[in-house]
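Only one structure is covered here, and it is reproduced in the block below.
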Ligand code: EPU
């Protein structure tokens, strides 16, 4: 099967076009709801957007006529990544007004680390009427130790620092592959970013950035999702172009569960090898086990031999799928950030409700192996992060159909 471009790489990369008046061309942009939301926001700010100039998945963005610096509530509330416009707008235009995102289904998700970092760079920030107002005559480089290696804060600060005066050092930075990708893009624009992928990132500010072109990497979370799908159904799936190195901690767990994973130069082949066995899982910042694959892995554990303890260390409320899986016959007990999953012989199909992107995917995966029909409602969550999911699964032999677009 063929993967789409990475959602979590594409969103910050597309937003980084705000840093320059030059034209930024992107390839392999996934057709996802979160990407459309990002484009809507950029368009509202005055960015010129040309689509499909070079064929499917291509975009050209030019931020040479940015007419406003406000990201409104209606767009930030539907997608928290909208908050990433704060750093670029502030760095380039000296001011930004961005709605605070508020909580979401997986946790409270504050933005204090983003704001503390920008303040260290000289921004004056005040919060009023649900908005963050940020001003800075000119941002200046600073040493910024992050309280937690937040992906979004690292991205926001890295983007802001490219146009700040002097050197910025982000300590305890997030190390996710998406950070490395964004740093690569900033450097293509003429930025001077070093150390991305490690926990200290050094950025030397430059006066101006220029346009460039970039093709998004393949989605590693989509890769992991299809790997779980193969493991669950006992199938053998070749995921073309997949890059196992970015999923090492996850693959270790799959192998411990008894799944065959073969890494080759052309992709990764995953073969379900009969009934799997339980293994304990704890989500952690990269290179640890990704929180974005926790829900999917919970389904595999739900039908494995033995008992697995799953600990969610990134988001405080990312177990909403557990109750729905229990309605399908799983035996999952929750205690704070721990789920104890006792494997059962089989799941039974049921009407279930999605609460967030990865949770909805876990319900679809559960439906693939459950006896009878599973009907997942609120599938719009899926469209935020999986491109043509029903088409891709049907192409692999699943009996799946989109009945309606509910909300
Ligand atoms: N946090 C704070 N303060 C902050 C920022 C974060 O306390 O200022 C906390 C959050 O509340 C959370 C933890 O730190 O508990 C991790 O948050 P992080 O900032 O790292 O996550 P994010 O940038 O909001 C991105 C992905 C998520 C992914 C996480 C963790 C994008 C657009 N989103 O979110 O992706 O789960 O990193 O890897 O890149 C998904 O794709 O389903 C998804 C939720």
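Residue numbers (this note's numbering): 120 to 526. Even for Gly, the Cβ is constructed at its ideal location relative to N, Cα and C. Quantities reported herein were computed from a predicted structural model and do not represent experimental measurements.
Shorter than 7 Å, the distance from the beta carbon of residue i to the closest heavy atom of the ligand EPU, or not?
{"i": "residue 319", "result": "no"}
{"i": "residue 267", "result": "yes"}
{"i": "residue 232", "result": "yes"}
{"i": "residue 293", "result": "yes"}
{"i": "residue 345", "result": "no"}
{"i": "residue 367", "result": "no"}
{"i": "residue 436", "result": "no"}
{"i": "residue 272", "result": "yes"}
{"i": "residue 423", "result": "no"}
{"i": "residue 130", "result": "yes"}
{"i": "residue 126", "result": "yes"}
{"i": "residue 259", "result": "no"}
{"i": "residue 229", "result": "yes"}
{"i": "residue 476", "result": "yes"}
{"i": "residue 242", "result": "no"}
{"i": "residue 370", "result": "no"}
{"i": "residue 297", "result": "yes"}
{"i": "residue 239", "result": "no"}
{"i": "residue 263", "result": "no"}
{"i": "residue 326", "result": "no"}
{"i": "residue 200", "result": "yes"}
{"i": "residue 462", "result": "no"}
{"i": "residue 400", "result": "no"}
{"i": "residue 134", "result": "no"}
{"i": "residue 206", "result": "no"}
{"i": "residue 433", "result": "yes"}
{"i": "residue 226", "result": "yes"}
Please indicate yes or no: does the CB of residue i lie closer than 7 Å to some heavy atom of the ligand GTP?
{"i": "residue 411", "result": "For the ligand GTP, the structure offers nothing, since it holds only the ligand EPU."}
Tell me residue i's beta-bridge partners as DSSP assigns them.
{"i": "residue 207", "result": "DSSP lists no partner for residue 207."}
{"i": "residue 144", "result": "179, 332"}
{"i": "residue 470", "result": "494"}
{"i": "residue 264", "result": "290"}
{"i": "residue 365", "result": "None; residue 365 has no bridge partner."}
{"i": "residue 527", "result": "Past the boundaries of the shown model lies residue 527; the chain is included only from 120 to 526, so the question cannot be answered."}
{"i": "residue 350", "result": "According to DSSP, which records beta bridges pairwise, residue 350 is partnered with nothing at all."}
Could you have a look at residue i and say whether DSSP puts it in helix, strand or coil?
{"i": "residue 243", "result": "strand"}
{"i": "residue 271", "result": "helix"}
{"i": "residue 370", "result": "helix"}
{"i": "residue 344", "result": "helix"}
{"i": "residue 417", "result": "helix"}
{"i": "residue 383", "result": "strand"}
{"i": "residue 132", "result": "helix"}
{"i": "residue 530", "result": "Coverage of the chain is limited to positions 120 through 526, which leaves residue 530 absent and any answer about it impossible."}
{"i": "residue 226", "result": "strand"}
{"i": "residue 201", "result": "helix"}
{"i": "residue 192", "result": "helix"}
{"i": "residue 434", "result": "coil"}
Of all the options the options, which has the alpha carbon lying nearest to the alpha carbon of residue i?
{"i": "residue 518", "options": "447, 492, 276", "result": "492"}
{"i": "residue 498", "options": "511, 395, 483", "result": "483"}
{"i": "residue 128", "options": "171, 200, 167, 521", "result": "200"}
{"i": "residue 420", "options": "456, 213, 376", "result": "376"}
{"i": "residue 392", "options": "350, 137, 495", "result": "350"}
{"i": "residue 490", "options": "505, 504, 470, 503", "result": "470"}
{"i": "residue 63", "options": "170, 281, 189", "result": "This structure cannot settle anything about residue 63, because the visible part of the chain is limited to 120 through 526."}
{"i": "residue 433", "options": "211, 161, 149, 227", "result": "227"}
{"i": "residue 324", "options": "313, 132, 508, 330", "result": "313"}
{"i": "residue 265", "options": "385, 291, 184, 234", "result": "291"}
{"i": "residue 442", "options": "251, 472, 213", "result": "472"}
{"i": "residue 206", "options": "384, 125, 136, 275", "result": "275"}
{"i": "residue 435", "options": "402, 446, 335, 407", "result": "402"}
{"i": "residue 367", "options": "508, 343, 353", "result": "343"}
{"i": "residue 501", "options": "476, 454, 134", "result": "476"}
{"i": "residue 365", "options": "272, 379, 340", "result": "340"}
{"i": "residue 189", "options": "328, 408, 235, 162", "result": "162"}
{"i": "residue 289", "options": "269, 319, 309", "result": "319"}
{"i": "residue 153", "options": "394, 145, 277, 126", "result": "126"}
Residues in its own chain within less than 8 Å of residue i by CB, not counting five upstream and five downstream?
{"i": "residue 347", "result": "373, 412, 415, 416, 418, 419, 484"}
{"i": "residue 120", "result": "345, 356, 357, 358, 359, 511, 514, 515"}
{"i": "residue 213", "result": "254, 255, 256, 257"}
Leaving aside the five residues before and after residue i along the sequence, list all residues of the same chain whose C-beta is less than 6 Å from its C-beta, in chain order.
{"i": "residue 474", "result": "224, 439"}
{"i": "residue 248", "result": "none"}
Once you ignore the five residues that flank residue i on each side, which residues in its own chain have a CB closer than 7 Å to its CB?
{"i": "residue 195", "result": "201, 202, 217, 218, 220"}
{"i": "residue 463", "result": "421, 422, 448, 449, 450"}
{"i": "residue 385", "result": "359"}
{"i": "residue 239", "result": "261, 263"}
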